[in-house]
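Trainee:
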Amino acid sequence: MKVSDHILERLRQWDVEQVFAYPGDGINGLLAAWGRAGDKPQFVQTRHEEMAAFAAVGHAKFSGRTGVCAATSGPGAIHLLNGLYDAKLDHVPVVAIVGQTDRSAMGGSYQQEVDLLSLYKDVASAYCAMVTVPEQLPNVLDRAMRIAATSRTVTAVIVPADVQELEYRPPAHAFKMVPSSLGVGRYAPVPSDGDLVRCAEILNAGEKVAVLVGQGARYARPEVEQLAETLGAGVAKALLGKDVLPDTLPYVTGAIGLLGTRASYELMRDCDTLLVIGSSFPYTQFLPEFGRARAVQIDVDPSMVGLRYPFELNVVGDAAETLRRLLPLLDRKEDRSWRETVEENTARWWEVMERRAAVTADPLNPEQVVHTLDALLPENAMIAADSGSAANWYARHLRMRGTMRGSLSGTLASMGPGVPYLIGAKFAHPDRPAVAIVGDGAMQMNGLAELITVAKYYQQWSDPRLIIAVLNNQDLNQVTWEMRAMQGAPQFEPSQSLPDVRYANFAVQLGLYGTRVEDPAEVEPVWRQALASDRPYVIDFRTDPAVPPIPPHASPAQITAAASAVVHGDSDRGAMLKQGFKAKIQEFLPGIGKE
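Residue 229 in the working numbering sits at position 229 of the sequence shown, with consecutive numbering throughout.
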């Protein structure tokens, strides 16, 4: 057995079923081993190493297991970085296995020689090691897998090409040998009794309790629901925690922040007590004003508590186990007036979303596109959104229910992970339908090439449905509107304008289905057709770039700046907008006030 054979055997022992990768001569030894191993674990070939890393992130996010990706030395290892940073910043376990030039060439400025230990020092700061002799395995790989899983982060294993070809020798029972073993014991840290008592005292004293949940509360749904019912609280969700609670619960106000709902904004503005569970939501300005609310944070990671807000108490512990111990200490609040207010605000918000989706646009309103999907989604759907204005509509219009799962690039906010996320998700759950909502910028950057990957593998999935909805407005829309709202600047067309691409036609060329939609009456029928399809489906929705993804709590000054920039700066749409922009903005932003 060679070192490369042992790497794959050890991955199988760790129950790794897929490795998302792209080949190169720096991992030729591993590729040969894959051939000898009968492609187990499966080598999933993406079009680009960055997409391999994103697919590994998607696999980890939607499966709860550790994602694994691999790449060759030099440029291949470099290409992995963006996807790996996405995993690190969103606290997702991913292991990268990368090749390196032969040991005899190191330090000689050899072809494709890059100092990978230095390059990966930050992204894999928790653990990065180079294997230089066979006896280092299995310890290095075991530690990489174990640290990634327990610390929810990125680790890296670098294997020079010549080492891959060496005969494997296990570590001996000898001096300076490091033996190893498989597996990670299950554990759930819990806080001290004193912290639980203090937490309960703060929550029991509050009259208007708000809860903010993030992805760290995903496995504590019953406990969060019971806590909200006991305290009469409203619950907002950080974007990475969108699937923690169903939006069908009347007190769940939806997303928070720039892409969030007005109901969540009002929840944070008016509460007197805040409980944050499993979230490191970074935007302090969307949390209660300092001094107006007492606040408690619960998080499993001691390095992530106390970061975002002047919390009165930081509780370190697993969300579910901590809440189970906390719930018996809480008093049920008999006065439900606060809860009633939260529910009224939330119901009004969904009415606003329905009205916004009904506003006419040229040719399609992107809010209509996503709002229409909301009612049609299967309750076991997996949903990914890309960065950009598409993330706004995902955050505001899609209501999670059943066992739905959803994610996006939360902290890095990278363009391009929407499609590869779902490729990874489909390998984790081949029996579940998947939908990606992406902008045309993200589709041109990464999605088009990954359609080839989808076409290559979809027949392996028991449920072949993977729908890619492209919001094609020929504009890098989020940045365009940020420039208008924040700087009062008109669209800078050399940077923002995108060429029109026939995305659906390309899908058809690959043997997939595809349709371009420009008529509002066709939106619902095409969604139904795609959801009933026997293969992946690309829908090219021609959407209006003039529909503003301005937050529902934007200030009048921001709206005025945006309106001024559009009316006076966008030459090709200026005439139409001068006639109708004021009425249009009022339709899209109801409830904001006469200003």
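Cβ coordinates follow ideal geometry from the N, Cα and C atoms, glycine included.
Could you check where the beta strand (DSSP E) with T515 kicks off and where it finishes?
Mentor: Per DSSP, T515 belongs to the beta strand (DSSP E) from 513-517.
Trainee: In whole angstroms, give me the CA-to-CA distance for R356 and A148.
Mentor: Cα to Cα, R356 sits roughly 43 Å from A148.
Trainee: Secondary structure at K176, three-state DSSP: helix, strand or coil?
Mentor: Here K176 sits in coil by DSSP.
Trainee: Using the three-state DSSP reduction, which class does D572 fall into: helix, strand or coil?
Mentor: With a pLDDT of 46 at D572, under the threshold of 50, the modelled position of that residue is not reliable, and the figure given next carries that caveat. Looking at D572 - three-state DSSP - the assignment turns out to be helix.
Trainee: Measuring alpha carbon to alpha carbon, tell me which of I467, S414, G260 ends up nearest R528.
Mentor: Residue I467 is the option with its Cα nearest to R528.
Trainee: I'd like to know whether the C-beta of V235 is nearer than 9 Å to at least one C-beta of chain D.
Mentor: Note that chain D does not occur in the displayed structure, where there is just one protein chain.
Trainee: Here's a check: name, in chain order, each residue in its chain whose Cβ is nearer than 8 Å to the Cβ of A105, leaving out the five neighbours to either side.
Mentor: Here the set comprises E113.
Trainee: Take Q100 as the anchor and find which of N28, Q136, E167 has the nearest alpha-carbon.
Mentor: If we check each option's Cα against that of Q100, N28 comes out closest.
Trainee: So, is V478 buried or exposed, given that buried needs 16 or more other C-beta atoms within 10 angstroms?
Mentor: What sits at residue 478 in the sequence shown is Gln, not Val. Buried, since its Cβ has 16 or more Cβ neighbours within 10 Å.
Trainee: I'd like to check one pair, L117 with I158: are the Cβ atoms closer than 9 Å?
Mentor: Closer than 9 Å, so yes.
Trainee: Quick check: the Cα distance between V235 and V547, rounded to an integer number of angstroms?
Mentor: Each residue's alpha carbon lies about 28 Å from the other.
Trainee: So who's on the other strand from G241, going by DSSP bridges?
Mentor: None, per the DSSP bridge assignment.
Trainee: Taking contact to mean at least 3 C-beta pairs separated by less than 8 Å, is the stretch 2-9 in contact with the stretch 136-146?
Mentor: Segments in contact, yes.
Trainee: Between which two residues does the beta strand (DSSP E) harbouring A407 extend?
Mentor: Per the sequence presented here, residue 407 reads as Ser, with Ala not at that position. Segment 405-407, the beta strand (DSSP E) holding S407.
Trainee: What is the residue span of the alpha helix (DSSP H) that R12 lies within?
Mentor: Segment 3-13, the alpha helix (DSSP H) holding R12.
Trainee: Go ahead and pull the three-state DSSP assignment for P545.
Mentor: Coil at P545, not helix or strand.
Trainee: If I'm right that L408 touches A391 with Cβ under 8 Å, what's the distance once you round it to whole angstroms?
Mentor: The pair is a contact, with the Cβ atoms about 6 Å apart (cut-off 8 Å).
Trainee: Skipping 5 residues on each side, what residues in its chain have a beta carbon closer than 6 Å to that of D318?
Mentor: Correct list, in chain order: A188, P189, V300.
Trainee: Return the bridge partner residues of T673 from the DSSP annotation.
Mentor: The question about residue 673 has no answer, for the chain in this structure spans 1 to 595.
Trainee: Can you tell me whether Y458 is buried or exposed, with buried defined as 16 or more other CB within 10 angstroms of its CB?
Mentor: With 16 or more Cβ atoms within 10 Å of its Cβ, Y458 is classed as buried.
Trainee: Alpha carbon to alpha carbon, how far is V252 from E334? Give it in angstroms, no decimals.
Mentor: Going by the C-alpha atoms only, they are around 19 Å apart.
Trainee: Kindly give me the distance between the Cβ atoms of L609 and L448, rounded to whole angstroms, as I take these residues to be in contact under 8 Å.
Mentor: Residue 609 falls outside the range modelled here, since the chain spans only 1 to 595, and no answer is possible.
Trainee: Give a yes or no on whether the C-beta atoms belonging to P282 and T153 are separated by under 9 Å.
Mentor: Their beta carbons are not under 9 Å apart, which means P282 does not touch T153 by this criterion.
Trainee: Candidates G388, E266, P302: which alpha carbon is nearest T480's?
Mentor: Among G388, E266, P302, the Cα nearest to that of T480 is on G388.
Trainee: Looking at C-beta atoms only, is the number of pairs between the stretch 26-42 and the stretch 155-169 that lie closer than 8 Å three or more?
Mentor: Enough Cβ pairs lie closer than 8 Å, so yes.
Trainee: Taking the alpha carbon of S533 as the point to measure from, which residue in I277, Y394, F541, G511 has its own alpha carbon closest?
Mentor: It is G511.
Trainee: Tell me the DSSP secondary structure of V235 in three-state form.
Mentor: V235 falls in the strand class under three-state DSSP.
Trainee: Do I277 and V342 have their beta-carbon atoms positioned less than 9 Å apart in this structure?
Mentor: Result no, Cβ atoms of V342 and I277 do not sit closer than 9 Å.
Trainee: Could you work out which residue in D247, E225, L240, K208 is closest to D270 when comparing CA atoms only?
Mentor: Comparing Cα-Cα distances from D270 to each of D247, E225, L240, K208, the minimum goes to K208.
Trainee: In this structure, how does DSSP classify A385 when only helix, strand and coil are distinguished?
Mentor: A385: strand per DSSP, three-state reduction.
Trainee: Taking the alpha-carbon positions, what's the E450 to N505 distance?
Mentor: Using only the alpha carbons, I get a separation of about 15 Å.
Trainee: Just to confirm the assignment: which complete alpha helix (DSSP H) runs, minimum length 4, are found wholly within the stretch 407-493?
Mentor: Correct list: 418-428, 448-457, 477-482.
Trainee: With H, G and I counted as helix, E and B as strand and the rest as coil, what does DSSP make of V523?
Mentor: Helix, per DSSP.
Trainee: Quick one: measure Cβ to Cβ for P494 and T322, integer angstroms, because I've assumed they're closer than 8 Å.
Mentor: Contact doesn't hold; Cβ gap of about 52 Å is too wide.
Trainee: Could you compute how far the alpha carbon of R169 sits from the alpha carbon of V178?
Mentor: Roughly 12 Å separates the two Cα atoms.
Trainee: Can you give the Cα-Cα distance for A320 and P433, rounded to whole angstroms?
Mentor: Using only the alpha carbons, I get a separation of about 28 Å.
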